[in-house]
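Here is the structure we will look at, set down as structure tokens.
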Amino acid sequence: MFNQRHLSAAPNQDQLVWKILFDRQTALLHRRAAPAFSQGLARLGLRREFIPDIGELSATVREHTGWQLAPVGRPFEPAAFFALLAERKFPIVTRIRAMHSFDFSPEPDLFHDLFGHVPMLLDEGLTDFLHHLGQAYQMQPAGSVAREQLWALYFFTAEFGLVQHEGQPRLYGAGLLSSAGEIHHCVNEHTPRPAFDLATVLRTPVTGTRYQNQYFMLPAWEQLTDCVAELAGMLAVA
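In terms of full-length UniProt numbering, the sequence shown opens at residue 1 and continues consecutively.
Written out as structure tokens, the structure reads:
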């Protein structure tokens, strides 16, 4: 069982951080976020005035896609993370970043998870993709190259992915959706945004301590689920 904190009664400082981040990100994401995110945000009814209750959000997510939210005290290792994905559960870190980390938080926090990830969990295409990743990860030996590749695939999609929509790049990765600094870096004309290619993504090094060197863009949202079969074939050969 996970320890759940009633976040609507969070300290005033946490509520202020949530409110400021919510206002900044919603302004920055106007016409920049993927449709799946904007639709999920509206369905959840997230509000700037208070930190939402994880239990209530979990019930809404479960109603739409069958997933549950699992509150945790801090981020944990990939093996435990992917085990939850395989069970259709998504971990939610219950601490929120300090004010000095507004623009960029090197680790997932409450705002990153609730604002960045949870709206996307209402999209069945993404949740099916995450479920397959969790299952595939558990089938690979501990310490294997395949596990590192699956982590890279998760990282450059669910955390820092872009998708082309109506001829324009749209953000759907939570690391982008929840970070003003990452958004500004991503949309800079000098930042590479190559087309998503599964083989390339799998061998691209992951870094979580600074802005990304590049961001991969899906030509269409459907390619996210289409690549699952291609991934299975690659892992079988490996």
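Ideal Cβ positions, reconstructed from N, Cα and C, are used throughout, including at glycine. As the structure is a prediction and not an experimental result, all values here were calculated from the model.
Best match in the options for proximity to residue i [C-alpha to C-alpha]
i	options	result
residue 223	185, 165 and 209	165
residue 199	14, 229, 234 and 173	234
residue 37	226, 195 and 175	175
residue 23	39, 35 and 46	46
residue 33	140, 43, 163 and 170	170
residue 115	225, 89, 19 and 62	19
residue 172	117, 138, 147 and 128	117
residue 98	142, 31, 13 and 86	13
residue 167	31, 26 and 25	31
residue 11	39, 50, 43 and 148	50
residue 228	121, 26 and 131	131
Environment of residue i [buried if 16+ CB atoms lie within 10 Å]
i	result
residue 80	exposed
residue 16	exposed
residue 144	exposed
residue 48	exposed
residue 203	exposed
residue 325	For the chain, the structure presents residues 1 to 238; residue 325 sits outside this window and is missing.
residue 1	Since pLDDT at residue 1 reaches only 31, below the 50 mark, its modelled position is unreliable, and the value read off the structure follows with that caveat. Per the 10 Å Cβ criterion, exposed.
7 Å CB neighbourhood of residue i in its chain, flanking five on each side removed
i	result
residue 91	70, 72, 81 and 84
residue 93	72, 74, 75, 108, 109, 110 and 113
residue 58	68 and 69
residue 124	65
residue 28	180 and 183
residue 230	198
residue 56	none
residue 106	208 and 209
residue 195	217 and 219
residue 4	Residue placement at residue 4 is poorly supported in this model, since its pLDDT is 41, which falls under 50; the coordinates still yield a value, given next. 54, 55 and 71.
Cβ-based neighbour list, residue i, same chain, cut-off 6 Å, excluding 5 preceding and 5 following
i	result
residue 220	none
residue 232	none
Own chain residues within Cβ distance below 8 Å of residue i, not counting five before or after
i	result
residue 185	191, 211 and 212
Inter-stretch contact (C-beta, 8 Å, three-pair minimum) for the segment 180-194 and the segment 205-223: Between the segment 180-194 and the segment 205-223 there are three or more C-beta pairs closer than 8 Å, enough to call the two in contact.
Could you name each continuous beta strand (DSSP E) segment of 3 residues or more that falls completely within the segment 139-216, going from the start of the chain to the end? As far as the segment 139-216 is concerned, its whole beta strand (DSSP E) runs of at least 3 residues are 162-165 and 168-171.
I want to know whether the segment 154-171 touches the segment 93-102 - three or more CB-CB distances under 8 Å. Not touching, per the Cβ criterion.
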